[in-house]
Amino acid sequence: MPKSNKAPQVFENYSLKEYNTFGIDARAQYFTIISSLESYVALLKTGLYSHLPHLFLGGGSNILCTKHIDALVVKNEIKGFDLIQEDDESVILRSGAGELWDDLVSYAVQHNWSGIENLALIPGTVGAAPMQNIGAYGVEIKDAFDHLEALNLETLAVERFEKSQCQFGYRESYFKHEGKGKYLISTVCFKLNKKPTIQTSYGAIQTVLDSKGITNPTISDISKVVIEIRKSKLPDPKEIGNSGSFFKNPTVPSHVANRLLNAYPGIPNYPISGSSDIKFPAGWFIEQAGWKGFRDGDAGVHVHQALVLVNYGDATGKEILAIAEKIKASVNEKFGISLETEVNIY
Ligand code: EPU
């Protein structure tokens, strides 16, 4: 589709059911799809929607809508991959923010560029990925991130953000905090290696490779194994509405960690390098508190992964949130741990 510089069409009272992976039928006061930065700037310059907050949507894979959205919802479909730098060791690949994250991973794997293969099959778009520094199987997007470009909504200037400016942490970035609502991310650039940097230490990757007799894996093998593991644990949003992990894995100081390790010797745990803090899997607490597979109407907790809340059909955002609140209260009561949501709630 050719890039348009014209302001895009805006729809009123528009259902977001197709645009959030929970499949919640919330309505946006206004809704539009942008395929270029220029078209969004043209829309801003009309001044027609300046009285409203603008909510940017990528794949809608990290959002729970509990009410109608009194905003202009802007679905970012700025597309395109291009190679902006190459030497003997690495490439810098630029991606439009509206590309699907998994399409970017496939593109990199096909070209044998290494760095993001462990992040295969994560739902959502490239532009949403740095917002919460997506991560899986021992890799986070910050590891391969080079820089991004974003439109400053106040000045309408395009600004470049280097890695250090993005303040990446565990499911955290500048764009979730000080930068929230101030920028529209338009492109993200990744530094990928021509020599594979194979990372098999996390979770079941090595076990699955062993079971297949793969001793010298390629990045294509790694991405296939990650896809297999994810499919076995995580529900496909096209079949059962969900937003991946609903809560973050809690990181606690050593005195709390010691209390838990003494009381529950089998509890899985992940020491944080350079700190005495320890991270524990929220899914373990939720399962132990008895919630795995819980269902109330169409809202529930996934049968294979207690960290994932699901919509079996016509659940409302409020019903999903009510289960989340009950889970938080019961994990707090049983373990003295307060869970934080990873998903953005509106
Ligand atoms: N566990 C249970 N019961 C459960 C789920 C997990 O006991 O129902 C325990 C198991 O012992 C398991 C451990 O928790 O070994 C870790 O589980 P898993 O490997 O499934 O990963 P996770 O910690 O639950 C995190 C990310 C996922 C990512 C996986 C793999 C967060 C909040 N979630 O989940 O990311 O795919 O690791 O790296 O950090 C997402 O962010 O949406 C997401 C899916």
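Numbering (my numbering), first residue to last: 878 to 1223.
All C-beta atoms, glycine included, are put in the ideal place defined by N, C-alpha and C.
On a predicted model such as this, the values are computed, not experimentally measured, just so you know.
> Taking DSSP as the reference, what is the three-state secondary structure of D1154?
Replying inline: Of the three classes helix, strand and coil, the one that applies to D1154 here is coil, per DSSP.
>> Using only CA atoms, which one of L981, A1005, A1013 lies nearest to L1069?
In response: When each option's Cα is compared against that of L1069, the closest is L981.
> beta strand (DSSP E) containing T1084: first to last residue?
Replying inline: Where T1084 is concerned, there is no enclosing beta strand (DSSP E), although the alpha helix (DSSP H) it sits in stretches over 1082-1088.
> Mapping DSSP to helix, strand and coil, what is K952?
Replying inline: Looking at K952 - three-state DSSP - the assignment turns out to be strand.
>> To the nearest angstrom, how far is the alpha carbon of Q1165 from that of E1219?
In response: When rounded, the distance between both Cα atoms is 20 Å.
> Would E1017 be called buried (16 or more neighbouring beta carbons within 10 Å of its own) or exposed?
Replying inline: So E1017 ends up on the buried side.
> By a C-beta neighbour count over all protein chains shown, 10 Å radius and 16 as the cutoff for buried, is I961 buried or exposed?
Replying inline: Exposed is the call here.
> Buried or exposed: where does H928 fall if 16 or more other Cβ atoms within 10 Å of its Cβ makes it buried?
Replying inline: Exposed, because fewer than 16 other Cβ atoms sit within 10 Å of the Cβ of H928.
>> Just to confirm the assignment: which complete beta strand (DSSP E) runs, minimum length 3, are found wholly within the segment 1056-1127?
In response: Runs found: 1060-1070, 1118-1122.
> Mind checking whether the beta-carbon of Y1079 lies closer than 7 Å to any heavy atom of ligand 1?
Replying inline: Between ligand 1 and Y1079, a heavy atom-to-CB distance of less than 7 Å is present.
>> Taking the alpha helix (DSSP H) that Y917 belongs to, which residues open and close that run?
In response: Counting along the chain, the alpha helix (DSSP H) containing Y917 begins and ends at 914-923.
> Is I1197 helix, strand or coil when you go by DSSP?
Replying inline: If DSSP states are grouped into helix, strand and coil, I1197 belongs with the helices.
>> Considering just the uninterrupted stretch of the beta strand (DSSP E) at R1037, what are its terminal residues?
In response: 1035-1039 is the span of the beta strand (DSSP E), which, as asked, contains R1037.
> Which class does D947 belong to by DSSP, given the choice of helix, strand or coil?
Replying inline: It is a strand residue.
>> Considering only heavy atoms of ligand 1, does any lie closer than 7 Å to the CB of L1111?
In response: Answer for L1111: yes, Cβ within range of ligand 1.
>> Considering only their Cβ atoms, is the gap separating N1126 from F1157 smaller than 8 Å?
In response: Cβ atoms of F1157 and N1126: closer than 8 Å.
> If V1035 sits next to S1063, beta carbons under 8 Å apart, how far is it from one beta carbon to the other, in whole angstroms?
Replying inline: Their Cβ separation, rounded to whole angstroms, is 7 Å, which keeps V1035 and S1063 in contact under 8 Å.
> With C-beta atoms as the reference, is L1030 less than 8 Å away from Y1060?
Replying inline: Yes, they are a contact pair.
> Should N1188 be counted as a contact of ligand 1 given a C-beta to heavy atom distance under 7 Å?
Replying inline: Taking non-hydrogen atoms of ligand 1 into account, the C-beta of N1188 is found less than 7 Å away from none of them.
> Which two residues bound the contiguous beta strand (DSSP E) that contains N890?
Replying inline: Counting along the chain, the beta strand (DSSP E) containing N890 begins and ends at 887-892.
> CB N939 to CB A1005, shorter than 8 Å?
Replying inline: Against a cut-off of 8 Å, the Cβ pair of A1005 and N939 comes out as a contact.
> Just to check, is the beta-carbon of W1161 closer than 7 Å to a non-hydrogen atom of ligand 1?
Replying inline: Flag set: Cβ of W1161 near ligand 1.
>> Is the beta carbon of S1150 closer than 8 Å to that of T1074?
In response: Against a cut-off of 8 Å, the Cβ pair of S1150 and T1074 comes out as no contact.
>> Let's test the definition: count the other Cβ atoms within 10 Å of the Cβ of T1084 and tell me whether it reaches 16, buried, or not, exposed.
In response: T1084 is exposed by the Cβ-count criterion.
>> Judging by CA-CA distance, which residue of H1132, I1091, E1217, I911 is the nearest neighbour of G975?
In response: Measuring from the Cα of G975, the nearest candidate turns out to be I911.
> Between K1053 and G1046, what straight-line distance do the alpha-carbon atoms span, to the nearest angstrom?
Replying inline: Looking at the two C-alpha atoms, the distance is approximately 11 Å.
>> Just to confirm before moving on: does the CB-CB distance between I1197 and F899 stay below 8 Å?
In response: Against a cut-off of 8 Å, the Cβ pair of F899 and I1197 comes out as a contact.
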